[in-house]
Ligand code: SF4
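Put into structure tokens, the structure is as follows:
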């Protein structure tokens, strides 16, 4: 007998006592919990996002669509970066104010190549206010998962308020499980040494989130 | 479940040794009290905690009650998404499968995300025996691995080590395994973390094979989920060409939507954060993004035996948040090592004897490694009634009865010559003789009454054997303990 059949057989025998009272999934789970905690106006939701991002040591900036390119250029400069990783679908104009050397996100580039890049700039799929989380889903303006992992400095642009949801349940409703997702809440951190929180072990040590308003909504 | 840690003494003895190690106790106390306080704040932030907890409990119970169906659905959806599913009945089989898969890539090293399932089956040792080096990449696991040590906590496995000890381990051992620790390394957490970053980065960048566990698997979509903080998980899940995930069959949830419950309760219960820094989800393979070969190894290793026990099966709801460890007065003093398994604390005390059976001295003593104060149940985000299962297992050890072993129903004899009861006595004596080790024993009495109306299990059995339990609140166990001089004056 294969181990598959062995295990499934054991499961069935183990459940001999419960097979008759069969409540279907839809009725088995009480979902009395909230879809969001408190009903906030869109502007308040954005404020909450900013607060929670900052609480987990992300650096939060605000810009309007017209000032975004300047903002990004300034952040890259302030970080002392020489090179910037660029996902294939990132909007051209976001990097129009910087003359840093651009490194494209290519399938064949090695992890060692990525390790030599100073910064990465991406968009996001959405952001969750209650938890201070940005979610990337690998769309062309966000690139492969590894480009926001190996470089030490990540700048992420969130269109507010339209890319912001309040809660985890609302986020899951909008996300596509067939895509690989990366949820990011603040920079990499560890508390393994006497529970002292230290930012940046393996992921980017600096996470900068730019909340951008206005523009044509094409983000 | 593979054997206990080699040469592991039974809980009372191990705990006895641990409480005399003042460094260990100090480190543990600091850690558990810190996390405990933070967790309470994080939980208080969400007004619907009780509802989330109930939903989490029901989702897991429903899944367990239809586990065969959800396993088949998961297999189908993972396969459809480009993954390959393997089934392992026990630890040896799981190790053989993973070893085979690694060898098939031609590689002789793998990077690992912290995973209790792979610790449970002793994967690192099995790989090492075949000439494959497995590198732990979680900072705490690295500390444990370099220190040739064992993890002592689910969430923070090196919680028993302080910064000075960690500095010494890094300085001494890192060069053996790869990039040495920087010259003049101090013991500040930031410098230690930096040393680990440099040491491990060289391994991440060249790794071709990653090995992980998973916090959740979604039957409907075939999605796996890993939550973590450091980014080492993301490294292992995305940089290698081949990813092998070793996951217990109980980690399934039916639908994508179900994650909305656990992604709220797990971080808050575990690290006391609104959300852990990184959560990764992946569904099979994705073109040009992440590993192009994905293998899921589903392990039983005692889980179906646990499932067969109507009282004990609730232990399979566990999402490994570790909240129960941090509130347990016994864990706080004894430390994780005393439990002799990868699952320490209250959950370990009920899970290990079920996964492994109660045949060994350590496993038969584990159900007694508790004061039954009930704090573990109160904090558990999936409402596992740990005291209920403890009492149930005590009865099994002391009185025998029907159990399932390797899929077969057998009848367990009462522990020979009351050896287990003696072990229980020693465990209880240890707990009760320490001022403050036991907050309250009332829960034992009332719980015992609920489940065993006529006799008390374990240490209380001799006492209750000659008495009917009173209808009024019974004598608190602690009082009984003191009155009978630790159970010695029961006329036995
Ligand atoms: S038993 Fe409950 S509290 Fe303990 S680790 Fe598991 S889920 Fe967390």
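Residue numbers (the working numbering), protein chains in the order written: chain A, 1 to 219; chain B, 1001 to 1492.
Every residue gets a Cβ at the ideal spot worked out from N, C-alpha and C, and that includes glycine.
{"Item": "Neighbourhood of residue 1389/B by C-beta, 7 Å cutoff - its chain only, sequence neighbours within 5 removed", "Value": "1311, 1312, 1314, 1315 and 1350"}
{"Item": "Assigned exposure category for residue 221/A - 16 Cβ within 10 Å defines buried", "Value": "Nothing can be reported for residue 221/A, as the shown portion of chain A is limited to 1 through 219."}
{"Item": "beta-carbon residue 1346/B near the ligand SF4 non-hydrogen atom, thresh 7 Å", "Value": "yes"}
{"Item": "Continuous alpha helix (DSSP H) stretch holding residue 1387/B: start and end", "Value": "1386–1399"}
{"Item": "Members of the segment 1180–1196 of chain B that neighbour chain A once the beta carbon cut-off is set at 8 Å", "Value": "1189, 1190, 1192, 1193 and 1196"}
{"Item": "Chain-order list of residues whose beta-carbon lies under 6 Å from that of residue 184/A (same chain, five-residue window excluded)", "Value": "134"}
{"Item": "Proximal residues to residue 94/A (C-beta, below 8 Å), its chain only, five neighbours per side dropped", "Value": "68, 69, 72, 121 and 157"}
{"Item": "6 Å CB neighbourhood of residue 108/A in its chain, flanking five on each side removed", "Value": "none"}
{"Item": "Helix, strand or coil at residue 1359/B [DSSP, three-state]", "Value": "coil"}
{"Item": "Reduced DSSP category for residue 1321/B - H, G, I as helix; E, B as strand; rest coil", "Value": "coil"}
{"Item": "Chain A residues whose Cβ lies nearer than 7 Å to that of residue 1235/B", "Value": "149 and 202"}
{"Item": "Coil, strand or helix - residue 187/A by DSSP", "Value": "coil"}
{"Item": "Interface partners of residue 174/A on chain B, CB under 9 Å", "Value": "Chain B residues near residue 174/A: none, gap ~11 Å exceeds 9 Å."}
{"Item": "Below-8 Å beta-carbon distance, residue 45/A vs any chain B residue", "Value": "no"}
{"Item": "CA-to-CA distance, residue 1242/B to residue 1283/B, given in whole angstroms", "Value": "14 Å"}
{"Item": "Selected residue, minimal CA-CA separation from residue 1251/B, among 1025/B, 1036/B, 1049/B and 1059/B", "Value": "1059/B"}
{"Item": "Short CB-CB distance (under 8 Å) between residue 6/A and chain B", "Value": "yes"}
{"Item": "Residue 1301/B, DSSP secondary structure in three states", "Value": "coil"}
{"Item": "Cβ of residue 185/A within 8 Å of any chain B Cβ", "Value": "yes"}
{"Item": "Residue 88/A versus 141/A, 170/A and 46/A, residue with shortest Cα-Cα distance", "Value": "141/A"}
{"Item": "Interface flag, residue 51/A vs chain B, CB-CB below 8 Å", "Value": "no"}
{"Item": "Cut-off 8 Å between Cβ atoms - residues of its own chain near residue 130/A, not counting five sequence neighbours on either side", "Value": "36, 37, 48, 52, 166, 167 and 168"}
{"Item": "Residue 1256/B vs residue 1223/B beta-carbon contact at 8 Å", "Value": "yes"}
{"Item": "Contact with chain B by residue 116/A, beta-carbon distance below 8 Å", "Value": "no"}
{"Item": "Beta-carbon proximity of residue 1370/B to residue 1352/B, cut-off 8 Å", "Value": "no"}
{"Item": "CA-to-CA distance, residue 40/A to residue 1093/B, given in whole angstroms", "Value": "52 Å"}
{"Item": "Residue from 1254/B, 1203/B and 1279/B whose Cα sits closest to the Cα of residue 136/A", "Value": "1279/B"}
{"Item": "Expected contact under 8 Å - CB spacing of residue 1238/B and residue 145/A to nearest Å", "Value": "4 Å"}
{"Item": "Distance between residue 1292/B and residue 1106/B (C-alpha atoms, nearest Å)", "Value": "16 Å"}
{"Item": "Beta-bridge pairing of residue 85/A - partner residues as DSSP gives them", "Value": "103/A and 120/A"}
{"Item": "Residue 1329/B beta carbon near the ligand SF4 (any heavy atom closer than 7 Å)", "Value": "no"}
{"Item": "Cut-off 6 Å between Cβ atoms - residues of its own chain near residue 1192/B, not counting five sequence neighbours on either side", "Value": "1166"}
{"Item": "Near-chain B residues of the segment 185–199 of chain A (beta-carbon distance less than 9 Å), N- to C-terminal order", "Value": "185, 186, 187, 188, 189, 190, 191, 192, 193, 194, 195, 196, 197, 198 and 199"}
{"Item": "Closer than 8 Å to chain B by CB, residue 89/A", "Value": "no"}
{"Item": "Which residues DSSP lists as bridging residue 1135/B, in chain order", "Value": "1111/B"}
{"Item": "Local conformation of residue 1208/B per DSSP, three classes", "Value": "coil"}
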